[in-house]
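Trainee: Please see the structure below; I have some questions.
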Amino acid sequence: MRKGLAWATWLLAAPAFAAPQQPPNAPAAPATAPSSQSSNPAARITIEEAIRLALQHNHALQAARSTILQSQALETTANLRPNPVLSWDAQFLPFFSPSKFDSDYIDNQAQFDAGLGYTFERGKKRQHRLQAAKDQTTVVRSQVSDNERMLVSNVTQQFVAVLLAQSTIDFAQQNLDSFTKTVDISAAQYKAGAMSEGDFLKIKLQLLQFQTDLSAAKLAKVQALAALRQFLGFESVPDQYDVDGQLDYQAVQSGLDDLKALALRSRPDLAAAQQSVTSARSQEMLARANGKRDLTASFNYSHVAATNTGTFFFNIQLPIFDRNQGEIARTRFAITQAEQLAGETSQQVVTDVVDAYQALRSSEQIVQLYRSGYVDQAKQSRDISEYAYKRGAASLLDYLDAERTYRANQLAYRQALATYMSALEQTRQAVGTRNLP
């Protein structure tokens, strides 16, 4: 009987000796790189490739870029000059006395006129129209750049979600494989009479948690890849695509003041707000120009009573009542509105940077806590409990509790890394550039 128990104990401890043990003071292993979604993925993309594909193929962004072309077309319209006006008439034709319809009557009695007129715009209206259109195009360009900034942020955030899901899959698969061996050895121990049925059932039930974790992680990755593909454009990547990267910690040395200054220089939405002030001033200048009344001049040729004559006509409105006062006043208020919105946007930029920076530093502290020893300590505690339990020096509850603590610690550490990476991308979005100082 003593030999049988010794043999069962040796079987129970075999995985602990077979698996390579990490030294107690070794640093925590980094999150594993994501494996392929299938055995042979059709494509693997990095985060930079994902950004490039999104900027090239995202349909919402392509639709936004078309507004630049529309605004440029309005520049063409604004730069057009008035068309000349051609007029002609024939008078006193004897339609009701056809017998008089001869060349002599036509030459002496009928009247023929032909004229050419043109409107001369005063106040440099065309130049002001063109400038106002160009200023608006500049605003639209910055707005599209801001759409690109938001798209890049969405892509990177979703990319991190895929990395987190893959890291969770790797960890869940590793736990499932390891615990499956424990269940197999416990089954042998139970058959040998060295374990009660109640303890064996507890271990088997614990296996369900590992299987559930793996299934949930796989579902999370499928959903994350689908959401990422929506940003990239479905036609830009094949169905069986995957990402190439890993959860990692990258220190940021930039100070808050440096990031604020960089954001005020780089944020396209702030640039658009500031350019809107210039555009509003252009609209005021155009409104003042439109208050100037245009001169219409024409030359008419007339043939009447066998005589050819020419006549010049000129006409211009007298700006007694309508001098475009309302539009001029409206555009002045529009300048004030644009200035206030630019000030509000400037404050929002600074607020975004402060919020993102504090979130970054907070998540960095959490990551550093895990990396300072908590991850290794949880693993060592699990390994010690597993080793002691398999040798009868610890209870089953102690072992399962250590296993749960280790699993929760590892999942929290991976979540902390993902949160830090997301905070880093949020900081880049708040600053307006991916190149932080």
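Using numbering that gives the first Met the number 0, you'd call the opening residue of the sequence shown number 0 and step up by one each time. For each residue, glycine too, the CB sits at the ideal point set by N, CA and C.
(1) Taking the straight line between their C-alpha atoms, what separation do you get for residue 429 and residue 348?
(2) Closest to residue 421 by C-alpha separation, out of 351, 413 and 159, would be which residue?
(3) Consult DSSP for residue 170 and reduce its assignment to one of helix, strand or coil.
(4) Buried or exposed for residue 141, please, with buried defined as at least 16 other CB atoms from any protein chain shown within 10 angstroms of its CB.
(5) Starting from residue 317, trace the beta strand (DSSP E) in both directions and tell me its first and last residue.
(6) I need the DSSP call for residue 277, collapsed to helix, strand or coil.
(7) So is residue 221 buried or exposed if we call it buried at 16+ other beta carbons inside 10 Å?
(8) Give me the Cβ distance between residue 210 and residue 175, rounded to the nearest whole Å; I'm assuming they're in contact under 8 Å.
(9) Residue 89: buried (16+ other C-beta within 10 angstroms of its C-beta) or exposed?
(10) Excluding sequence positions up to five away, which residues of its chain have a Cβ less than 6 Å from the Cβ of residue 189?
(11) What do you get for residue 80, buried or exposed, if any count of 16 or more other CB atoms within 10 angstroms of its CB means buried?
(12) Between the Cα of residue 205 and those of 425, 402, 352 and 412, spot the shortest distance and give me the residue it belongs to.
(13) Could you check if residue 84 is buried or exposed, using at least 16 other CB atoms within 10 Å of its CB as the buried criterion?
(14) Sorted by chain position, which residues of the same chain lie with C-beta nearer than 8 Å to residue 35's C-beta, five sequence neighbours on each side aside?
(15) How long is the line joining the alpha carbons of residue 288 and residue 427, rounded to whole angstroms?
(16) Would you call residue 278 buried or exposed, if buried means 16 or more other Cβ atoms sit within 10 Å of its Cβ?
(17) Check whether the Cβ atoms of residue 58 and residue 235 sit closer than 8 Å, and answer yes or no.
(18) Mapping the DSSP letters down to three states, classify residue 308 as helix, strand or coil.
(19) Given residue 263, which residues of its chain have a CB within under 8 Å of its CB, disregarding the five upstream and five downstream residues?
(20) For residue 116, list the residues DSSP reports as bridge partners.
(21) Based on the DSSP secondary-structure assignment, which residues constitute the bridge partners of residue 386?
(22) Looking only at its own chain, which residues have a Cβ that is under 7 Å from the Cβ of residue 291, when we skip the five neighbours before and after it?
(23) Please report the distance separating the alpha-carbon of residue 64 from that of residue 73.
(24) For residue 308, which residues in the same chain have their Cβ closer than 7 Å to its Cβ, ignoring the five residues on either side in sequence?
(25) Which full runs of the alpha helix (DSSP H) of 4+ residues lie inside the segment 54-83, going along the chain?
(26) Would you kindly work out how many angstroms separate the C-alpha atoms of residue 367 and residue 274, rounded to a whole number?
(27) Report buried or exposed for residue 409, applying the criterion of at least 16 other Cβ atoms within 10 angstroms of its Cβ.
(28) Can you confirm whether the segment 163-181 touches the segment 216-233 when touching is taken to mean that 3 or more C-beta pairs between the two stretches lie within less than 8 Å?
(29) Just to confirm before moving on: does the CB-CB distance between residue 362 and residue 415 stay below 8 Å?
(30) Specify the secondary structure class of residue 240 as computed by DSSP and reduced to three states.
(31) Could you compute how far the alpha carbon of residue 343 sits from the alpha carbon of residue 52?
(32) How should residue 97 be labelled, buried or exposed, when 16 other C-beta atoms within 10 angstroms of its C-beta is the threshold for buried?
(33) Apart from the five residues on each side of it in sequence, which residues of its chain come closer than 6 Å, Cβ to Cβ, to residue 255?
(34) To test your reading of the DSSP string, which unbroken alpha helix (DSSP H) runs of 4 or more residues are found completely within the segment 193-248?
(35) With which residues is residue 43 paired in a DSSP beta bridge?
(36) Secondary structure at residue 110, three-state DSSP: helix, strand or coil?
Mentor: The answer reads as follows:
(1) Distance between the alpha carbons of residue 429 and residue 348 is about 7 Å.
(2) Among 351, 413 and 159, the Cα nearest to that of residue 421 belongs to 159.
(3) Under the three-state reduction of DSSP, residue 170 is assigned to helix.
(4) Buried is the call here.
(5) Annotation: residue 317 is outside any beta strand (DSSP E) and is labelled neither H nor E by DSSP.
(6) DSSP places residue 277 within a helical segment (H, G or I) once states are collapsed to three.
(7) That one is exposed.
(8) Contact holds; Cβ gap of about 6 Å.
(9) Residue 89 comes out exposed.
(10) Answer for residue 189: 199, listed in chain order.
(11) Residue 80 should be labelled exposed.
(12) Measuring from the Cα of residue 205, the nearest candidate turns out to be 402.
(13) Under a 10 Å Cβ-count criterion, residue 84 is classified as exposed, with fewer than 16 other Cβ atoms of the shown protein chains found around its own Cβ.
(14) With a pLDDT of 38 at residue 35, under the threshold of 50, the predicted position of this residue should be treated as unreliable, and no value is reported.
(15) In a straight line, the C-alpha of residue 288 is about 44 Å away from that of residue 427.
(16) By the 10 Å Cβ count, residue 278 comes out buried.
(17) No. Outside cutoff.
(18) Per DSSP, reduced to three states, the secondary structure at residue 308 is strand.
(19) Hits under 8 Å: 269, 345, 348 and 349.
(20) Answer is 84 and 297.
(21) Answer by DSSP bridge pairing: none, since residue 386 is not bridged.
(22) Cβ-Cβ distances below 7 Å link residue 291 to 121 and 122 in the same chain, with the five nearest sequence neighbours on each side left out; the list follows chain order.
(23) Residue 64 and residue 73: Cα-Cα distance of roughly 15 Å.
(24) Only 301 meet the Cβ criterion.
(25) Here the runs fully enclosed are 58-77.
(26) For residue 367 and residue 274, the distance between alpha carbons rounds to 43 Å.
(27) Its Cβ being crowded by 16 or more others within 10 Å, residue 409 is buried.
(28) Yes, since at least three Cβ pairs between the segment 216-233 and the segment 163-181 fall closer than 8 Å, the two stretches touch.
(29) It is a contact, given that the beta carbons lie within the stated cut-off.
(30) Looking at residue 240 - three-state DSSP - the assignment turns out to be strand.
(31) Near 33 Å, if we compare the C-alpha coordinates of residue 52 and residue 343.
(32) By the neighbour-count rule (16 or more Cβ atoms within 10 Å), residue 97 is not buried but exposed.
(33) By the criterion of a C-beta distance shorter than 6 Å, residue 255 is surrounded in its chain by 356, once the five residues flanking it on both sides are discounted.
(34) Positions of the alpha helix (DSSP H) runs, each at least 4 residues long and wholly inside the segment 193-248, are given as 196-231 in order along the chain.
(35) Answer by DSSP bridge pairing, in chain order: 241.
(36) If DSSP states are grouped into helix, strand and coil, residue 110 belongs with the strands.
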